[in-house]
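Numbering (our numbering), first residue to last: 98 to 357. Yeah, the Cβ is synthetic: ideal placement off N, Cα and C, and Gly gets one too. The next block holds one structure in the form of structure tokens; read it before the comments.
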Amino acid sequence: MKAKFLVTALAACLFLLNLCLSPPVYGGRIDLIVDHGVDKDAEAQARATVDGVFDFFQRTYGIGLHKDIRIKLSCDKINYKNAIMTEYGSSEARAAFQANHSVGLQSGGILIVDLGDRSSRHGKLFTLCHEIVHFYQSQESGDKNYDVRWITEGAADAVASHIMETIGGQSAGSYKKQWIENLKRAQNLPRLEYLHSPNQMRSYGAYNNGALAVLTLVEWRGYPALFTYFRALRNASPEDAFYQAFGARLSDFEKSFRPF
Ligand SMILES: [Zn+2]
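If you want it as structure tokens, here you go:
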């Protein structure tokens with residue numbers, strides 16, 4: 098009787114110990130809400146894309162979801178604007194402005210993507226990937242990922258191009274080629290040191306230049322280093338986090354980088 102009690106007590110202790118030691122890999126819940134107007138094929142591809150991104154982060158970085166994520170897919174601009182008002186509590190004027198200037202947004206764990214407003218379906222899925230990458234950046238950095246915008250946006254585009262290839266979309270190489278071609282059409286090449294704020298990112302080719310700069314960092318140090326940077330931002334300045342992740346000074350890299 099006593100032995101049986103001891104075995105039960107030992108099993109209970111081991112169970113509790115195991116509970117305490119296991120990292121919460123999927124601590125967050127995923128809510129995917131799809132507008133009625135989104136066609137079934139687009140919805141299936143969007144679901145496969147979301148799974149592809151989560152798998153990529155788990156395999157490449159060992160990062161699971163630790164916060165709840167809510168993904169709202171709209172079918173057209175009007176529903177997109179309405180979703181911005183309901184989900185973010187924005188005024189109608191602000192929501193209309195944002196809806197006219199974007200196809201996807203991510204804030205506070207709520208992601209809204211307009212699946213109905215792009216002629217190419219892969220373009221919509223690319224946006225979906227891009228916004229989920231922002232979610233992970235915020236999660237890992239404790240929302241300190243926005244000081245140096247070219248890295249934040251460039252990483253979202255670079256990782257999205259990689260994921261699109263892994264889920265059977267356009268190849269990562271063809272995205273890179275397209276970004277270089279876009280930049281060759283620029284009258285003045287945007288320079289990284291002037292791409293730190295949201296306004297500066299509105300200049301022609303800013304996203305393409307950021308993405309190509311991030312791809313250069315990935316060629317040097319591999320994809321794992323990219324999230325070493327975002328994780329380091331939690332406790333370090335962007336300059337220190339950059340040095341920890343890539344072994345170079347941020348300002349030196351910004352001055353010396355050329356996209357082609
Ligand atoms: Zn973005």
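Cβ neighbours of Gln297 within its own chain (closer than 6 angstroms, five residues either side excluded): Tyr291.
In terms of side-chain proximity, the C-beta atom of His227 is found nearer than 7 angstroms to a non-hydrogen atom of ligand 1. Out of Cys172, Asn179 and Tyr304, the CA that lies nearest to the CA of Pro287 is found in Tyr304. If you keep only unbroken beta strand (DSSP E) runs of at least 3 residues inside the stretch 142-193, you get 166-171. Checking the DSSP bridge columns, you'll see Gln203 partnered with Leu208.
Not one heavy atom of ligand 1 lies closer than 7 angstroms to the C-beta of Glu237. The alpha-carbon of Ala141 is positioned some 11 angstroms away from that of Leu222. Taken from the Cβ of Ala308, every heavy atom of ligand 1 lies 7 angstroms or farther away. By the Cβ-count criterion, Phe343 is buried, with 16 or more other Cβ atoms from all chains shown falling within 10 Å of its own Cβ.
The beta-bridge partner set that DSSP reports for Asp128 consists of Arg167. When DSSP states are grouped into helix, strand and coil, Arg246 belongs to the helix group.
Less than 8 angstroms separates the beta-carbon of Ile127 from that of Ile166. Residue range Pro335 to Phe343 is occupied by the alpha helix (DSSP H) that includes Tyr340. Ser294 counts as exposed, since fewer than 16 other beta carbons sit within 10 angstroms of its beta carbon. Counting along the chain, the unbroken alpha helix (DSSP H) around Glu237 starts and ends at Arg218 to Ser238.
The DSSP-derived three-state label of Lys274 is helix.
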